[in-house]
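There are 2 protein chains.
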Amino acid sequence: MSGKPYHHGNLKREFIEKGLKYIDRYGVESLSMRKLAESIGVSSAAPYAHFANKDAFLSAIREYITDSLSDALRSELEACQDPTKVMLMLGRRYVLFFYENPLYFQFLFTRKDIDFISYEPFLLFRPVAEEFLKGLHGKQLSGESLRCKTTAMWALVHGLAQFALIGGVLDKNNLEQEINSILCAVEV
Amino acid sequence: MSGKPYHHGNLKREFIEKGLKYIDRYGVESLSMRKLAESIGVSSAAPYAHFANKDAFLSAIREYITDSLSDALRSELEACQDPTKVMLMLGRRYVLFFYENPLYFQFLFTRKDIDFISYEPFLLFRPVAEEFLKGLHGKQLSGESLRCKTTAMWALVHGLAQFALIGGVLDKNNLEQEINSILCAVEV
DNA sequence: ACGCAATCTTATCACTGTCAAGATTGAAAA
DNA sequence: TTTTCAATCTTGACAGTGATAAGATTGCGT
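So the protein sequences, as listed, match chains E and Z.
Going by our numbering, the first sequence wraps up at 188, each residue one higher than the last.
Going by our numbering, the second sequence wraps up at 1188, each residue one higher than the last.
Quick look at the structure:
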C-alpha cells in the first residue's frame, strides 16, 4: 500500500552506481555504507546482502571503473588502425580518462594488493606496444630489451596520468597537445 | 609516585614515529588515533593537543616521509659528481626508496590535494634533469621541448616507482639492474 | 498452494574521530 | 621563593561507522 516496495529490485547495481558518483564528487574517504544506503532509501544493513563487506563493495566499484577504462581503450584501438599512431592514441586516452575523473586514479591505486599483472588496460597495452616497438627497431630487438622498453612505456604513460590530475605539472588549457608533446619527447 | 609521569615529554615526535612504523607495517587504512595512543600509553584525546585532527597528523607523517626521501636524493646527488650518471642514480634512488617502503607510496599519493609543484623530490630532480638534457642535446633544445622532456623523465621515474612496489612487473631478484635497464631503455 | 531462498529491517555491538571540562605540570614572572 | 599561566594530559561524552544476528517480507520454482 505504501510507496516503496519491500524489495528494491536492483539494489546491487544502484549501490555501485551511486557509490561511483559519490567517489567522483567527494572521494572515497568520506564514503560510508550507511549514508549511501540512506540516500537510496534503504536500511543500513541492506547492502550486506549483496556485498560481503565494505571492501568487497569498493572492489566491485574498482572493477566497474577498470572495465570502463578498458572499454575506452578498446574503442580507441578499433578507431585507429594506423600502427604508428595507435600507440600515442592509447597513451593519450589512458591519461585523459583519469584527467576527466580525477578521483578515480587515487581510488584505484589506493590498496596494498594492487595487481598490475591482471590490470586489463595494460594487458591491452602490451601487444600494441610490442608491435609498435618491433616496427620501430626491426627484429634485432632482443626479448629482454623489448620487455624493458615496453615497461618503460607503461611507466611513462601511467606516471603521466598521475601528473595530469594534479595541478601545476601539465598545461591544462592545452592538455591534449601537451600530452602528445610529452609522449613524443622520448624515443624508446 | 606512579611509574609514568603526567607529561609525556615528546609525545608529538613519538606519535609521528609510531604512526610511521604502523603505516609501514599495516598501511594507513587500519591506523587509528586511539590504538596509537593506547600503544604509547596515553589517553585517546592526548594527541589532539599536538595535532588539530587526524588529517593534520597524517600530513605531518607525510612531510616526514617526503623529507626522508629528499635527504636520500640529496646524498645521492652529493655522492655522484658525474653529470652523465647522476640522472640515472637519482631515478634509481627514487624508485628504490618506495620499493623499500612499499606502503609509503600509496600513503603519500592518496589524497585529493596532492601538490606536485612543491614536491621537493621533483624540485631536486628538475635542475639535474635539465642539465643532463642540455648536455645531451646541446643548446638547440628549445624551452618548450626541454620542459616536455623533463616532464617525461619525471613521469617515467615516478610511474616506475609505482610498478616497483607491485608484484609482477619488475624482476625483484635483480631489481637494481632491472631499473637501470628500463631507465636506459628510453632516450629523451 | 506451498515452501524455500533471497532480500530487506530492526536492534545491537565494538570501534572510531573529536570535543568540552577539568586535572596536572613545567616554566616564566613576580 | 611563590605565584601564575599556558601547555599538556585525562575523563567522559557524543555522533557516526562497519558489521552481525534475528526476524519480517517477498518472489519464484515446484
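Quick reminder that beta carbons are idealized off the backbone N, C-alpha and C, glycines included.
Among the options, the one whose alpha carbon lies nearest that of residue i
| i | options | result |
| --- | --- | --- |
| VAL1128/Z | VAL1086/Z, GLU1076/Z and ALA1046/Z | VAL1086/Z |
| LYS112/E | GLY1143/Z, ILE1023/Z and VAL1042/Z | ILE1023/Z |
| SER954/Z | LEU1011/Z, TYR1064/Z, ALA1052/Z and GLU1029/Z | Lying outside 1001 to 1188, the shown extent of chain Z, residue 954/Z is not represented and no answer is given. |
| ARG1147/Z | ARG1126/Z, GLY1159/Z and SER1068/Z | ARG1126/Z |
| PHE1057/Z | GLU1078/Z, GLU1014/Z, SER1068/Z and LYS1149/Z | GLU1014/Z |
| ILE114/E | LEU20/E, ILE182/E, GLU38/E and SER59/E | SER59/E |
| TYR94/E | ILE117/E, THR110/E, THR66/E and GLN81/E | THR66/E |
| HIS1007/Z | TYR1064/Z, GLY1041/Z, LEU1020/Z and ILE1117/Z | GLY1041/Z |
| THR1151/Z | THR150/E, GLY19/E, ALA52/E and ILE179/E | ILE179/E |
| SER1181/Z | GLY143/E, PHE109/E and SER181/E | GLY143/E |
| ASN1174/Z | PRO1005/Z, PHE1116/Z and TYR1099/Z | TYR1099/Z |
| LEU183/E | SER1145/Z, LEU1165/Z, PRO1121/Z and GLU1063/Z | SER1145/Z |
| LEU1020/Z | GLU1029/Z, PHE1109/Z, GLU1120/Z and TYR1064/Z | TYR1064/Z |
| ASP55/E | LEU1160/Z, GLU1029/Z and LEU1165/Z | GLU1029/Z |
| LEU108/E | SER68/E, GLN81/E and ASN53/E | SER68/E |
Cutoff 8 Å: residue i Cβ touching any chain E Cβ
| i | result |
| --- | --- |
| LEU1156/Z | yes |
| TYR1099/Z | no |
| SER1142/Z | no |
| GLN1177/Z | no |
| LYS1149/Z | yes |
| GLY1019/Z | no |
| ALA1049/Z | no |
| LYS1112/Z | yes |
| GLN1081/Z | no |
| GLU1187/Z | yes |
| GLY1135/Z | no |
| ALA1060/Z | no |
| GLY1091/Z | no |
| GLY1027/Z | yes |
| VAL1086/Z | no |
| PHE985/Z | This structure gives no information on residue 985/Z, because the portion of chain Z shown stretches from 1001 to 1188. |
| SER1002/Z | Since pLDDT at SER1002/Z reaches only 42, below the 50 mark, its modelled position is unreliable, and the value read off the structure follows with that caveat. SER1002/Z does not count as touching chain E. |
Beta-carbon contacts of residue i that lie in its chain and below 8 Å, excluding the five residues immediately before and after
| i | result |
| --- | --- |
| GLU1176/Z | ARG1092 and LEU1096 |
| GLU1131/Z | PRO1083 |
| LYS18/E | LEU36, SER39 and ILE40 |
Beta-carbon proximity list for residue i, same chain, < 7 Å, skipping 5 on both sides
| i | result |
| --- | --- |
| MET153/E | ALA129 and VAL188 |
| PRO37/E | According to the sequence displayed, residue 37/E carries Ala and not Pro. Counting only Cβ-Cβ distances below 7 Å, and skipping sequence neighbours, we find SER43, SER44, ALA46 and PRO47. |
| GLU76/E | MET89, LEU90 and ARG93 |
Any chain Z beta carbon closer than 8 Å to residue i
| i | result |
| --- | --- |
| PHE57/E | no |
| LEU160/E | yes |
| GLY138/E | no |
| PHE125/E | no |
| PHE132/E | no |
Contacting residues, own chain, Cβ-Cβ under 6 Å from residue i (five flanking each side not counted)
| i | result |
| --- | --- |
| VAL1157/Z | GLY1091 and TYR1094 |
| LYS1149/Z | LEU1133 and VAL1188 |
- prompt: Going along the chain, which unbroken runs of the alpha helix (DSSP H) with 4 or more residues stay wholly within the region 76-148 of chain E?
  reply: 83-100, 102-108 and 120-137
The region 1022-1037 of chain Z contacting the region 1047-1060 of chain Z, beta-carbon criterion three pairs below 8 Å: yes
task: Could you say if the region 1013-1029 of chain Z and the region 1101-1119 of chain Z meet the contact criterion of at least three C-beta pairs nearer than 8 Å?
output: yes
message: Using a Cβ distance threshold of 8 Å, determine whether the region 133-151 of chain E contacts the region 1136-1145 of chain Z, with at least three qualifying pairs required.
response: no
Every unbroken beta strand (DSSP E) inside the region 5-31 of chain E [3 residues or more]: none
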